Amino acid sequence: MSARRTRFAYILRAVLALSCATCAVPFAQAQNAPSLPNNDGADKVLRVCADPNNLPLSNDKGEGYENKIAEAMASDFGYKVEYTYFPQRIGFVRHTLREKEPNTERYKCDLIVGVPRGYDMTATTRPYLHSTYAMVFSKKPEFANINTPSDLLKLPPDQLKKLRLGIFAQTPAVDWLLANNLIDQAVSYQAQSGDPQAFPGEMIQHDLKQGNVDVVFVWGPIAGYFVKRSGDTAKLVPFPPQPGIHFDFEIAMGTRHGEKAWHDKVDQWIATHQDKINTILTSYDVPLLPIASAPVASNTPQ
Numbered sequence: 141m142s143a144r145r146t147r148f149a150y151i152l153r154a155v156l157a158l159s160c161a162t163c164a165v166p167f168a169q170a171q172n173a174p175s176l177p178n179n180d181g182a183d184k185v186l187r188v189c190a191d192p193n194n195l196p197l198s199n200d201k202g203e204g205y206e207n208k209i210a211e212a213m214a215s216d217f218g219y220k221v222e223y224t225y226f227p228q229r230i231g232f233v234r235h236t237l238r239e240k241e242p243n244t245e246r247y248k249c250d251l252i253v254g255v256p257r258g259y260d261m262t263a264t265t266r267p268y269l270h271s272t273y274a275m276v277f278s279k280k281p282e283f284a285n286i287n288t289p290s291d292l293l294k295l296p297p298d299q300l301k302k303l304r305l306g307i308f309a310q311t312p313a314v315d316w317l318l319a320n321n322l323i324d325q326a327v328s329y330q331a332q333s334g335d336p337q338a339f340p341g342e343m344i345q346h347d348l349k350q351g352n353v354d355v356v357f358v359w360g361p362i363a364g365y366f367v368k369r370s371g372d373t374a375k376l377v378p379f380p381p382q383p384g385i386h387f388d389f390e391i392a393m394g395t396r397h398g399e400k401a402w403h404d405k406v407d408q409w410i411a412t413h414q415d416k417i418n419t420i421l422t423s424y425d426v427p428l429l430p431i432a433s434a435p436v437a438s439n440t441p442q
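So the mapping is simple: the working numbering equals the position in the sequence shown, first residue as 1, plus 140.
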């Protein structure tokens, strides 16, 4: 697995469980795959690949921000939306974007709404979302003065050493705990458990609320959504940029390699509708960072 895929391993379930390529078509093969005209708009359908249980990103009821972004795009194109749902874990790309309908030459879906910028399993558009990891904790008196991650480290040593810290493996939080000698207090969660009913927000919605952990470290969009819905019982503290640890990531959309016209159509829609996208993201309480000026699509098809 490449360094890029390792770095994004959690975001692709939390954002992003698409990262394991060991069961997928090799990159070079996908990049050279022939372009098929199944997404030329002739049937006026936007076919989206999505997770059925991954709020706030998506679910099979259309309640996630990726669902809403897809609906907005389809409306502007004059299309209707259809979904192929599959849990975002090992095999997601293979069973969605790269899999054809039985007895046809048409792929099951043509767009993944959320992939890391530059993700090599797909061609990626310009980024439309830039966010960061965050700490979340219950609003308790002993945490009243925590407004930055470094404030947590200023707690009395006896209190700090008693905290149970919820993390996902292979995330920046692991590096931060290691750097601050707190890794022995980690309560580790699986990013790709294999359980289709599991979702990353459970750390906040269930375990933090029930007192099984004291502080959790999660991807910002997930943190913002579940903190807002905690009934004012939890607080979110985002991670600022720090030397040596990469907390912030840009999210783009993914299409198949080789389908330049379709890729460019999606990319242009993002370029001209960023305000509409931001309105949707803000409604889900996603903590947003500025996207680099003059964004250009990366890893574009040739």
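The beta-carbon is built from N, C-alpha and C at its ideal position, and this holds for glycine as well. Nothing here was measured: the structure is a model prediction, and the numbers come from that model.
Around the beta carbon of Thr-395, 16 or more other beta carbons sit within 10 angstroms, so the residue counts as buried. Annotation: Ile-344 is outside any beta strand (DSSP E) and is labelled neither H nor E by DSSP.
The C-beta separation of Leu-317 from Leu-305 comes to about 6 Å, placing the pair in contact by the 8 Å criterion. When DSSP states are grouped into helix, strand and coil, Ser-290 belongs to the helix group. In this structure, Tyr-424 lies away from Pro-267, with their beta-carbon atoms at least 7 Å apart. Annotation for Leu-300: the continuous alpha helix (DSSP H) segment containing it runs 297–300. Residue nearest to Gly-341 within the set Gln-350, Ala-363, Thr-412, Val-353 is Ala-363 (criterion: CA-CA distance).
Membership of Phe-387 in any alpha helix (DSSP H) is not indicated, and neither H nor E is assigned to it by DSSP. Here DSSP, grouped into helix, strand and coil, assigns Met-261 to coil. Across the set Met-343, Thr-224, Gly-258, the C-alpha of Thr-224 shows the shortest separation from the C-alpha of Lys-248.
Inclusion of Gly-254 and Glu-206 in the CB contact set at 7 Å is warranted, their separation being smaller than that value. His-386 is classed as exposed because its beta carbon has fewer than 16 other beta carbons within 10 Å across all chains shown.
Between Ile-344 and Ser-370 a beta carbon distance of about 7 Å is seen, short of the 8 Å cut, so the two are scored as contacting. Every beta strand (DSSP E) stretch that sits fully inside the region 229–276 and reaches 3 residues is listed by chain position as 251–256.
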